[in-house]
Amino acid sequence: MQLTIRATGENVKSISHLLSKNPNNLYERNQKGHLVRFFYSKFTEDELEATIFVTPDPIGLIQNKTNSYDITHYINDREFAASSIFLSLIRSALGTALNGQPKEEQMEWVEHPFAFTLELGPVNSTLSDRQLRELFEPLGYGVEITQPELHYSFRLKESSQVRMISLAGIQTLQNSLRHLFVLIPVIDDYKHYFIDEKEIEKLERYGEGWLEKHPLREVIYRRALRFKEVYSLVENTTAEAPKAEPVKKSRLNELRYEKIAETAETLHPKTVVDFGSGEGKLAVKLGFVSGVREVLAVEPSEVEIIKAKKRFEKAKGQEAFVEPETLWGSLFYYDERLKDKDLMILCEVIEHIDEMRLPKVFDTLLHLYSPKSLIVTTPNREYNEIYDMAEHFRHDDHRFEWTRAEFRSWCAERNTKGIYELEFTGIGEEHPEQGAPTQMCLFRRKVNAG
Amino acid sequence: MRIGLPHAGIVLLIGPSNSGKSTFLKRQIEEKAVLPSEVVSSDDFRMRVGDLEFIDWKNRPQDEANGLMDEYQELSKEAFTLMDNVIKARCRLNKLVFVDATHLRSEDRKRYIELAKENHVPIQAIVFDVNERILTARDEVRDNPRGKRRIKQQYQIFRNEKRFIKKEGFTAVHTLKEEEVEFFRRTNPIELDIDKGIDVIGDIHGCYEELIELLTKLGYEENSEGFYIHPEGRRFVSVGDVMSRGPESLKTMMFFYQHVQKGLALMVDSNHGWKIARWLDGRQVVLSHGDEKVEEEFRVYEQKVGIEKLQEIKQQLKDFLLNAPSHYVFQKNGVPVVIVTHAGIKDEFIGKQSQTISDFCRYGDSDESRENGRPVRKDWTIGHHKSVLVVWGHDPKPKPLLVNQTINIDQGVVFGGQLTAYRYPEREFSAVEAKQDYSGHPDNPLIEWEKNRLNPPDIAKFLKGYSVLTEELGEVRIPPELVKPAIDTVSHFTVPIEQLVYIPPTMSPTPNPSAMENYLEHPKEAIEYFRANGIHTMIAEKKHMGSRAILFLFKDEEASEKHTGIRSLGTIHTRTGKRFFDRETEAQLLRQINEDLKRMNYFEEKETEFVLLDAEIMPWNLKAKELISSQYAHVAENALLDRTFLRDKLAAAAKSNTELQHWLEEYEQKLGNAQDFNDVFQKYCWDVDSVEAIQIAPFHILAHSNRTFFDKPHTWHMEMNRHLASHSDLFVETEYKMISDEASEAEVIDWWKEITEDGHEGIIIKPEFYIARQRGKLLQPAIKVRGSRYLKIIYGMDYLEPANLIRLKNRNTGKKQKLALKEFTLGIEGISRYVNGETIERVHECVLGALALESDPVDPRL
């Protein structure tokens, strides 16, 4: 982590006073084990060059980090990157310049613009070179970016996210430092400390006189404050227009739940099991199905279980509602509590399981638990064409998506003992060729089957 | 009069005061016929709790007499409570105890009869029948005389009760009328010395041919009289059920009857044996479950030899079967080492006999309690905590099942399985195959077992945390908070449960950091660890730098289906159970390896249907490309950029400012570190354009379908790996060296230095054998010693700077070591169970345990 300040032209020697650094001495301070160092490499009448850098204590830097049990714990770019850590370490060394408070007789140079070149880095940023330029150019800098040349012995990556930035412009020292103290954390991908309202105050102080006019002001704020909660204190930007897709999705979800609840009504179950019940929306619906006495909501995620419990709590008072019971479970294990139920439901679950593991799961369901009925829903891949996503799955975690024919024959194959009758239907708006977005199979145990 | 004393239980003395009970015992003690510790007397306990043997209230005013009586009763109550506890304890411990008190009333005696019954020990009575005159005369001369009136009262009670005693349920009642008595001791009839060794034989069920074949295999030789005698004097012991279901029950029963009579064999009671015994005894029993075949055999026999001969045999067999004990306790130097029983036993039953015990040993724990409205059959082996080994049968399993110091050796010969013998003290199994399935039973338990073997594991067994009972380390506890994340992993990320039989254990680095200034790790500390633990021959294997992988390779799809229920050529998974490759690459690799193995005739030669390999797969970037790019390369890029710029600036400025020289030197050094870091991680990477570029370095052949290899030295594993590497381009050899003395140690250290200076990861030092112990304590199976350059990618490029190294040396490997042992044990246990054909649930118990332990946070850099 380093910053080199070069200035050319008349009176550049006065900059040493603004920095409050004696050109005859090396500067070294120990900040919590990290060494903050400063030296001049040029000091003539019309050229000044000084570098401030930090030699960090790599072990001290990562102590007490939350992910301390990560194999790459000691392998960390923080000891190199020009980041908020760097700034907090050099802040006091540059305090005089940053605050514009040199000795009285040097005050005239505070407001004096010099021809500066500031070289800093390495920066670690997901921002593109163009975006980096757009941050500095409006402030009057010419921007040069140096990327390392990569020579790996095997194919690894095309380019590095690591860069050195060189900024050239006529600026006062104080302003240029203030630009950096605001923009370095904006560029850097991480923040090393907790972000709270104090950060807003810092932004306002260092950003005084320039940040408000910056064309990327909003981006700067957002990246500097990082977290929505803090950011919302500054601004109430117009809420993002909700995307069209989620609407469609939530609508389809609703349709699925309705269809399942409807089907359940016709089956007159007393006991119902909802596998992969998630936050419990379907389970609540099932709690209203007439005649139901027990709803088991099976889910392995603790977070979802908590959400579901809250939802059940809310619905609890309502008339004719049977509060579902949450059950921590997995389809790959046998759970005696799930035996001999009237209705089991796998709503949008199977496509999240590796296809080769499914036959065994269904054998457990149909032949060990042997419910009277089993409802299975899954996306109809044919319909993806309507979504204009024929080549893609609808969700990152989907391990497969089936056409109607595939689903049909797959379900039929699961009925190895022939003790179930199968009915297929679609859920959602039916397309004449592509069918409905969701397909459903109802397995009903034959009356005389074991 | 001679009185035989049982080996254990209660001897109740009965008689009024002054009848001579205490005097009698005193004399027996003096004659050393009875131990002082075997006698408890109410007088002694009164003394012990209240300092008084007797309180005299006669001739006292009524108010005082009442008070004294109260005191005496209170004192007696305490004394009896204490005494009863001592008696109970001795009964539990299967010791003999003489109870010296009057025991005049029937309720006093019944209490002890009950107590003996509860503890499954016999109870005898010795009745002191002395006339009133003598009693009174004796009372007058004793200390604390009880008084005439009391004696008279006691005698009257005694006279009235006397005749009932015999019918109260004592094992024996001896009545003494002032005569001399000589005791003799009976030994425990079910405790036997192991002597020249025993061969315990599983349920025979009339499979006579197989029995003879097995005995012959075990070295028994038929003599001229038709007896099978072992030249070394060994005996064979049946776990019972020698009859029913099979073809030749009568012949088999007679065979055992005759051999037992001759002292050549032993047989315990069993469910079928008991049924036939009662049938022979003429009781009303329904002969079913193959017992009807025995009846038929008797009918045929009668036609052959006539009713007279039949009656004779029936009588012999009846007595033989009725008297078969519930179990035998075999001892070595007086210490019980093996129990043989039919269906199971409770620890507190061992060495005892009773109706309850017989029932338990015949049928097992058939007590069905109800949980969630469903009957739960109890597993008696869970309650076995004693270290004595219990060998049993009754419940057919495809292979001998070793659980919690119990071994089931019923391999269902009558169902077409095997007849098993367990040899002790050799602790070996021997078995013969059944000639056929004789049972004709539609519910063949062996087929049923096989059908259910792959049933999904019962989640209830795991959710609340559980223990795995391992052969190597005893109980390994899996805490509940780690189980759920592990089940979650299994549900979302791993290969199917049926293919996931092993999770490799974590490995500890050297227990102590290097004593040398420039090293964090050095072979010396690993070698010292093993030497300090009595291991003097070690192997040093080169540690490849790639990703750990388990290869489960099947001979063909049919073999895979048989063992896992899945048709494939196998699976390759990571150390966390995830599929190593994408499906396409995996299929291609499996196909290629399968071809190579078949070409070298591996499966036929080793008579196996699968091989389970523990290996490292290279290059590193195969699995870790993303991590390398975003972490290692990224950090290298940062470091090189930062340090190059600073070095250049310092170099330029140092020309005119000599003070900067030491900063410059520092940064030249640091830049060197960064360059080295950049070089090191690339060393483990190369482009993989086709599977040919993949290298697999197996280091353990964990198992074949017929056996595990944990008993082999590592040199054997290394040789096997060399063998594989020489026949397949995918496999690579692993270099290794032995350490046995100073010279070979020095050689290994030089070798380590040489390869690690070249950037290789390092070496692993292991004891010569796979499983190593010192004084019963399991030792670390392996210790890694990583190279000084390699460690830069673990501890950072500047870790060798003295200020950093001194802090890093402060690490603690204790937790890591404990974890390594637990996971190592779970691994061995799981594979052993799998190879033994146990249920996938019993295998998964170990796998899930290892996954759970791995989710416990431990410093991963160790």
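Residue numbers (my numbering), protein chains in the order written: chain A, 5 to 454; chain B, 4 to 865.
Glycine included, C-beta positions come from ideal geometry on N, C-alpha and C.
No experiment lies behind these values; they were computed from the predicted model shown.
Among the options, the one whose alpha carbon lies nearest that of residue i
{"i": "residue 624 of chain B", "options": "A:375, A:281, A:156", "result": "A:156"}
{"i": "residue 79 of chain A", "options": "B:590, B:680, B:531, B:394", "result": "B:680"}
{"i": "residue 65 of chain A", "options": "A:83, A:55, A:58, A:52", "result": "A:83"}
{"i": "residue 300 of chain B", "options": "B:311, B:268, B:251", "result": "B:251"}
{"i": "residue 123 of chain B", "options": "B:137, B:97, B:148", "result": "B:97"}
{"i": "residue 183 of chain B", "options": "B:24, B:518, B:527", "result": "B:24"}
{"i": "residue 281 of chain A", "options": "A:339, A:310, A:397", "result": "A:310"}
{"i": "residue 504 of chain B", "options": "B:615, B:549, B:558", "result": "B:615"}
{"i": "residue 164 of chain B", "options": "B:125, B:193, B:109", "result": "B:109"}
{"i": "residue 174 of chain B", "options": "B:128, B:224, B:458, B:850", "result": "B:128"}
{"i": "residue 353 of chain B", "options": "B:382, B:365, B:194", "result": "B:194"}
{"i": "residue 331 of chain B", "options": "B:420, B:196, B:150", "result": "B:196"}
Contact check, residue i vs residue j, beta carbons under 8 Å
{"i": "residue 201 of chain B", "j": "residue 238 of chain B", "result": "yes"}
{"i": "residue 445 of chain A", "j": "residue 404 of chain A", "result": "no"}
{"i": "residue 290 of chain B", "j": "residue 282 of chain B", "result": "yes"}
{"i": "residue 641 of chain B", "j": "residue 58 of chain A", "result": "no"}
{"i": "residue 494 of chain B", "j": "residue 336 of chain A", "result": "yes"}
{"i": "residue 248 of chain B", "j": "residue 42 of chain B", "result": "no"}
{"i": "residue 592 of chain B", "j": "residue 751 of chain B", "result": "no"}
{"i": "residue 410 of chain B", "j": "residue 843 of chain B", "result": "no"}
{"i": "residue 2 of chain B", "j": "residue 700 of chain B", "result": "Any answer about residue 2 of chain B is impossible in this case: the structure gives chain B only from 4 up to 865."}
{"i": "residue 613 of chain B", "j": "residue 562 of chain B", "result": "yes"}
{"i": "residue 427 of chain B", "j": "residue 341 of chain B", "result": "yes"}
Below-8 Å beta-carbon distance, residue i vs any chain A residue
{"i": "residue 584 of chain B", "result": "no"}
{"i": "residue 632 of chain B", "result": "yes"}
{"i": "residue 459 of chain B", "result": "yes"}
{"i": "residue 500 of chain B", "result": "yes"}
{"i": "residue 198 of chain B", "result": "no"}
{"i": "residue 810 of chain B", "result": "yes"}
{"i": "residue 662 of chain B", "result": "yes"}
8 Å Cβ cutoff, residue i in contact with chain B
{"i": "residue 294 of chain A", "result": "no"}
{"i": "residue 421 of chain A", "result": "no"}
{"i": "residue 3 of chain A", "result": "Examination of residue 3 of chain A is not possible in this model, given that chain A is present from 5 through 454 alone."}
{"i": "residue 279 of chain A", "result": "no"}
{"i": "residue 78 of chain A", "result": "yes"}
{"i": "residue 50 of chain A", "result": "no"}
{"i": "residue 85 of chain A", "result": "yes"}
{"i": "residue 81 of chain A", "result": "yes"}
{"i": "residue 161 of chain A", "result": "yes"}
{"i": "residue 30 of chain A", "result": "yes"}
{"i": "residue 194 of chain A", "result": "no"}
Residues that residue i bridges to, as DSSP identifies them
{"i": "residue 477 of chain B", "result": "B:473"}
{"i": "residue 7 of chain B", "result": "B:187"}
{"i": "residue 411 of chain B", "result": "B:395, B:404"}
{"i": "residue 202 of chain B", "result": "B:239, B:426"}
{"i": "residue 734 of chain B", "result": "B:699"}
{"i": "residue 339 of chain B", "result": "B:334"}
{"i": "residue 406 of chain A", "result": "A:384"}
{"i": "residue 621 of chain B", "result": "B:698"}
Query - Proximal residues, the segment 324-353 of chain A versus chain B, C-beta separation under 8 Å - result: Along the segment 324-353 of chain A, going in chain order, the ones with a CB nearer than 8 Å to a CB of chain B are 332, 333, 334, 335, 336, 337, 338, 339, 340, 341.
Requested in this report: Residues of the segment 478-493 of chain B with a CB closer than 9 Å to any CB of chain A: list them in chain order, please.
Outcome: Going along the segment 478-493 of chain B in chain order, one finds 487, 490, 491, 493 with a Cβ nearer than 9 Å to chain A.
Report task. Anything in the segment 117-130 of chain A with a Cβ closer than 9 Å to a Cβ of chain B? List those residues in chain order, please. Result -> Answer in chain order: 123, 125, 126, 128.
Requested in this report: Identify each residue in the segment 632-656 of chain B for which the Cβ-Cβ distance to at least one residue of chain A is less than 7 Å, and report them in chain order.
Outcome: Answer set for the segment 632-656 of chain B: 632, 634, 635, 636, 637, 638, 640, 641, 642, 643, 644, 645, 648, 649, 652, 655, 656.
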